[in-house]
Amino acid sequence: MALSRIVITGVGLTAPNGNSLSEYRANLLAGKAGIEFIDVRYMGRVPAGVCNYDPLRYQKKKEVRIGTRAGSISVYCANEAVKDCSIDWESIDKDRVGIYVGTTEHGNVETENEIYNISKFDYDTKFWSHHHNPRTVANNPAGEVSLNMKITGPAYTLGAACAAGNVGVIQATQMLRLGEVDFAIAGGVSESIHTFGIFAGFKSQGALAMHEDPMKASRPFDAKRNGIVVSEGGCLYALERLEDAVARGAKIYGEIAGYHINSDASDYVLPNPARQTECMEKALNNATMAGQDIQIVNTHATATPQGDVQECEAIAKVFADCPNTYINNTKSFIGHSMGAAGSLELAGNLSAFEDGIVHATINVEDLDPKCDLPNLVVNEPHTIKQVDAVLNNSFGMLGINSALIVKRYDA
Amino acid sequence: MTKDECKKLVLDIIADIAPDEDLSDVKPDVKLRDQLELDSMDFLDIVMELRKQHSIEVPEADYQELASLDSCAEYLTPKFNALV
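Chains as they are written, first to last, in numbering that gives the first Met the number 0: chain A, 0 to 410; chain B, 0 to 83.
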């Protein structure tokens with residue numbers, strides 16, 4: 000049975016360096032990062048990626064007050080994606096719209112806030128908010144989109160650590176192919192900068208970045224990299240079956256060519272390059288492509304000393320004989336946007352189908368020899384003749400790996 | 000505390016809970032839910048803010064006393080005055 004072809008027809012995003020695809024892409028090509036110092040409860044000053052989208056563009060003040068930051072980011076991105084795809088939103092059947100939002104974690108922010116709140120009342124739980132449960136259920140970000148946009152189809156989150164942004168898009172692809180929905184809003188979001196626990200956990204693990212200049216704190220592949228810059232953000236796509244998109248004359252950003260998700264089954268936090276290699280190879284097989292067919296590999300690399308090297312080992316194996324495959328990294332600009340990382344980083348490269356430019360990985364002052372991959376695009380963007388396919392890596396804790404391949408669509 | 004001061008205090012709480020609402024012309028004798036977009040969760044917020052900000056407890060059996068500004072003032076003013 001031939002599977003339906005699935006295409007991206009809309010993009011809604013907020014990143015620490017842009018609140019639309021055009022602004023984000025322009026800053027990636029201009030080398031403009033978006034990291035600043037913030038004060039985190041109990042932690043003090045840490046570098047982080049902060050988004051400055053306008054929540055009130057699509058939400059009432061009361062929705063912002065009752066909801067969560069992840070919900071608000073999701074609502075912004077979903078509305079932007081639908082607007083961008085130019086579908087006749089009023090006339091489509093909302094029962095046939097699916098919402099699939101990837102998250103690394105959800106509920107930490109809201110739980111920490113409530114514990115802090117009752118600490119002011121001698122830990123008396125009668126001061127614990129009745130909003131706690133709807134804020135912390137795992138489906139909260141997707142549910143807030145459903146409420147805001149009156150979408151009555153399936154709406155849920157996918158917990159997949161930092162592979163979640165890719166997994167959200169993959170889930171949407173599968174549901175469109177199964178015929179469960181006719182239109183999908185999918186990707187990933189993160190509110191993680193609002194929980195001290197994420198920062199404290201990475202610090203205890205020896206994996207939290209620090210640099211006197213926050214814009215230089217996220218530095219994958221650099222010899223002096225010292226860990227992760229935590230960021231918030233979101234990117235949700237409008238996805239449709241190709242025939243539906245063509246029938247309504249939609250702009251098509253790209254086509255889902257293939258994907259794979261697998262598990263290391265080896266450690267809670269340490270990556271496993273053998274499984275990462277398999278994940279990329281199986282995604283290529285799924286797309287009926289070879290390594291030579293990929294022009295851009297967007298790395299997951301988070302700027303941890305070990306993780307970057309291991310991903311480079313995996314990429315070196317899969318793309319050993321691919322002189323026209325270029326490697327880049329988006330976290331060097333925006334930090335690690337956790338659940339949003341997969342979808343935001345893919346978005347950073349989608350425009351390459353139109354402009355043929357591979358955005359760089361920045362902040363590489365002294366390239367780690369162990370990360371010196373052929374065709375690693377360092378500090379300055381690189382223009383190539385044509386970009387036909389992008390492979391987007393996103394890996395996460397507990398050993399989840401994902402590789403998503405998006406290819407150019409030519410009518 | 001006078002009843003008018005009590006109504007003002009309740010309106011201040013509602014302003015935070017329902018920030019999109021225009022509170023300039025709230026009729027004191029009309030149910031709050033009939034003139035503002037307030038749901039049951041919002042009334043729980045009012046109860047919570049009375050507890051947090053003013054140490055006033057409203058038992059669940061008395062929630063209906065918060066129906067209008069007038070009934071709020073009738074019910075809450077003695078509670079406020081009992082605090083001092």
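Ideal Cβ placement from N, Cα and C applies to all residues, glycine included.
Fair warning: this is a prediction, and the values are worked out from it, not measured in the lab.
Flag residue 215/A as yes if its beta-carbon sits less than 9 Å from any beta-carbon of chain B, otherwise no. For the purposes of this step, residue 215/A is taken as residue 216 along the first sequence, with counting starting at 1. Residue 215/A does not count as touching chain B.
Between which two residues does the alpha helix (DSSP H) holding residue 346/A run? Here residue 346/A refers to the residue found at position 347 when the first sequence is read from its first residue. Taken as a continuous stretch (DSSP letters only), the alpha helix (DSSP H) holding residue 346/A covers 340-349.
Taking the C-alpha atoms as reference points, what is the distance between residue 53/A and residue 353/A? For this step, residue 53/A is matched to residue 54 along the first sequence. For this step, residue 353/A is matched to residue 354 along the first sequence. Their Cα atoms are separated by approximately 28 Å.
Using 8 Å for Cβ pairs, my map puts residue 274/A next to residue 261/A. What's the rounded Cβ distance? Residue mapping note: residue 274/A aligns to position 275 of the first sequence, counting from 1. Residue mapping note: residue 261/A aligns to position 262 of the first sequence, counting from 1. Rounded, the Cβ-Cβ distance is 6 Å, consistent with contact.
Would you kindly report the start and end of the unbroken alpha helix (DSSP H) that includes residue 50/A? Working through the first sequence from its first residue, we reach residue 50/A at position 51. Where residue 50/A is concerned, there is no enclosing alpha helix (DSSP H), given that its DSSP letter is neither H nor E.
So residue 154/A and residue 141/A are supposed to be a Cβ contact under 8 Å. How far apart are they, rounded? Taking the first sequence and counting its residues from 1, one reaches residue 154/A at position 155. Taking the first sequence and counting its residues from 1, one reaches residue 141/A at position 142. About 4 Å; that satisfies the 8 Å criterion.
Chain B partners of residue 149/A, CB-CB under 8 Å? Here residue 149/A refers to the residue found at position 150 when the first sequence is read from its first residue. Chain B residues near residue 149/A: none, gap ~16 Å exceeds 8 Å.
Can you look up residue 245/A in the DSSP assignment and give me helix, strand or coil? As a first step, residue 245/A must be located in the first sequence, where it is residue number 246. In this structure, residue 245/A counts as helix in the three-state DSSP scheme.
When DSSP labels each residue in this structure, what does residue 336/A get in the three-state scheme? Taking the first sequence and counting its residues from 1, one reaches residue 336/A at position 337. If DSSP states are grouped into helix, strand and coil, residue 336/A belongs with coil.
How would you list, in chain order, the residues of chain B whose beta-carbon sits under 9 Å from the beta-carbon of residue 60/A? In the first sequence, the residue the question calls residue 60/A occupies position 61. By Cβ distance, chain B contributes 17, 18, 19.
So is residue 32/B in contact with chain A if we call contact Cβ pairs under 9 Å? Here the question's residue 32/B lines up with position 33 in the second sequence. It does not; no Cβ of chain A falls within 9 Å.
Alpha carbon of residue 59/A to alpha carbon of residue 130/A, nearest angstrom: For this step, residue 59/A is matched to residue 60 along the first sequence. For this step, residue 130/A is matched to residue 131 along the first sequence. Each residue's alpha carbon lies about 17 Å from the other.
Determine the direct distance from the alpha carbon of residue 128/A to that of residue 109/A, and round the result to whole angstroms. Within the first sequence, the letter at position 110 stands for residue 109/A. Within the first sequence, the letter at position 129 stands for residue 128/A. Using only the alpha carbons, I get a separation of about 10 Å.
Per DSSP, the bridge partner or partners of residue 152/A: Counting from one through the first sequence, the residue named residue 152/A turns up at place 153. In the DSSP output, where bridge partners are listed per residue, residue 152/A has none listed.
Secondary structure, alpha helix (DSSP H): runs of 4+ residues fully inside the region 133-193 of chain A: 139-148, 163-177
Counting pairs of beta carbons, one from the region 89-99 of chain A and one from the region 21-37 of chain A, are three or more of them closer than 8 Å? no
Quick one: give me the first and last residue of the beta strand (DSSP E) that residue 259/A is part of. Within the first sequence, numbered from 1, the residue matching residue 259/A stands at position 260. That run of the beta strand (DSSP E) goes 253-262.
Give the straight-line distance between the Cα atoms of residue 67/B and residue 14/A, rounded to the nearest whole angstrom. Your numbering for residue 67/B matches position 68 in the second sequence. Your numbering for residue 14/A matches position 15 in the first sequence. When rounded, the distance between both Cα atoms is 44 Å.
For residue 57/A, count the other beta carbons within 10 Å of its own beta carbon; 16 or more makes it buried, fewer makes it exposed. Which is it? Position 58 of the first sequence, counted from the start, is the residue given in the question as residue 57/A. By the 10 Å Cβ count, residue 57/A comes out buried.
Taking only beta carbons into account, state which residues of the region 50-77 of chain A come closer than 7 Å to chain B, listed in chain order. 59, 60, 61, 64
Residue 38/A in three-state terms, based on DSSP: Position 39 of the first sequence, counted from the first residue, corresponds to residue 38/A. Strand at residue 38/A.
Taking the Cβ atom as the reference point for each residue, do residue 337/A and residue 76/A lie within a distance shorter than 9 Å? As a working mapping, residue 337/A is identified with position 338 in the first sequence. As a working mapping, residue 76/A is identified with position 77 in the first sequence. In this structure, residue 76/A does not lie closer than 9 Å to residue 337/A by Cβ.
Using the DSSP secondary-structure output, state which residues sit across from residue 406/A in a beta bridge. The count along the first sequence starts at 1 and reaches residue 406/A at position 407. In DSSP, residue 406/A forms a bridge with 254/A, 388/A.
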